[in-house]
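Under UniProt numbering, the first residue of the sequence shown carries the number 1, and numbering increases by one thereafter.
Shown next, in structure tokens, is the structure this report addresses.
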Amino acid sequence: MVVHRVIDGDTLDVRGDGRIVPKDTVVRVRLLEIDTPERGACYAKPATARTRALLPQGSTAHVVRDDQLKDRYGRYLLYLWNDKDVFVNKSLVRSGHAEAVLFQPNDKYWSTISRAEKDARRAGAGLWSACTGAPKPSATPKPTDTPPPSPPPPTTGPANPGLPPGPPAGVPDVDCADLPGPVWVGSDDPHRLDRDGDGIGCEAG
1 MVVHRVIDGD
11 TLDVRGDGRI
21 VPKDTVVRVR
31 LLEIDTPERG
41 ACYAKPATAR
51 TRALLPQGST
61 AHVVRDDQLK
71 DRYGRYLLYL
81 WNDKDVFVNK
91 SLVRSGHAEA
101 VLFQPNDKYW
111 STISRAEKDA
121 RRAGAGLWSA
131 CTGAPKPSAT
141 PKPTDTPPPS
151 PPPPTTGPAN
161 PGLPPGPPAG
171 VPDVDCADLP
181 GPVWVGSDDP
191 HRLDRDGDGI
201 GCEAG
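Below, the structure written as structure tokens:
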């Protein structure tokens, strides 16, 4: 397949070759088992730049799927190797441009990618030293049950102005580019969509 456009550190558009992605069809891909900082967050720009360096526009990539091919937003969930045979998902974690995050049932390379995060944290690579004030959770362990549903909006604070609810926790990280417009996240914002803390995610401007 061919890289069409990198959206951010863990999301890109590709043109399929007819194997996993339909031939000559441009689709959105979410890199599996990793999570890079959201736009505006610490280390977001270096993460996006690193993915663009690994997967330049017009370059070819080899992809591998896992049990679940698409998420609820229609994005293809894939592992990518670039034209130099670099395992991109693992490389981003090892260099500290991404965290290792598991979303079952897709766990084919979890041991490899989670080990790469341990190495990056130990070395203080990338975001693990640059974002000293940011939370530094350990690699997400394998959940044993289905993730719980998102809690309702808080009973105190700003009221929901009639917006649809934001995506719940327990799904591969969602960016504003994946949503049709603003959503209500309240005080629970697992995908860090609310940049100004007013309870509304993905506001224009």
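From the three backbone atoms N, C-alpha and C, an ideal C-beta is built for every residue, glycine too.
This one's a predicted model, so the numbers in the text were calculated from it and none came from an experiment.
Close-in-space but distant-in-sequence residues of the same chain around residue i (CB under 7 Å, 5 per side omitted)
i: Glu38; result: Ala44, Asp175 and Arg192
i: Cys42; result: Leu127, Ala130, Cys131 and Ala134
i: Gly40; result: Arg195
i: Val3; result: Leu12, Val14, Leu55, Pro56, Gln57, Gly58, Ser59 and Ala61
i: Gly18; result: none
Short Cβ contact (8 Å threshold) for residue i with residue j
i: Asn82; j: Tyr109; result: no
i: Val64; j: Leu78; result: yes
i: Arg75; j: Val29; result: yes
i: Val101; j: Ile34; result: yes
i: Leu92; j: Thr36; result: yes
i: Thr60; j: Met1; result: yes
i: Leu31; j: Asp66; result: no
i: Val183; j: Gly201; result: yes
i: Gln68; j: Pro105; result: yes
i: Pro46; j: His97; result: yes
Residues bridged to residue i (per DSSP)
i: Tyr76; result: Val29 and Lys70
i: Pro165; result: Trp184
i: Ala130; result: Ala130 pairs with nothing; no bridge assigned.
i: Arg5; result: Asp13
i: Ile20; result: Note: Ile20 sits in no beta bridge, so no partner.
i: Ala44; result: Answer by DSSP bridge pairing: none, since Ala44 is not bridged.
i: Glu99; result: Asp35
Short CB-CB distance (under 8 Å) between residue i and chain B
i: Pro165; result: The chain labelled as chain B is not found in the depicted structure, where only one protein chain is given.
Sequence-distant residues of its chain with Cβ nearer than 6 Å to residue i (five each side left out)
i: Thr48; result: Asp8 and Gly9
i: Asp107; result: none
i: Ser150; result: With a pLDDT of only 49 at Ser150, under the threshold of 50, the placement of this residue in the model should not be trusted, and no figure is reported.
i: Pro190; result: Ala169
Segment limits, alpha helix (DSSP H) that includes residue i
i: Arg122; result: Trp110 to Ala123
i: Arg94; result: Val88 to Arg94
8 Å CB neighbourhood of residue i in its chain, flanking five on each side removed
i: Asp196; result: Glu203
The ligand ATP heavy atom lying under 7 Å from the CB of residue i
i: Ala116; result: With respect to small molecules bound, the structure shown includes none, and the ligand ATP cannot be examined in it.
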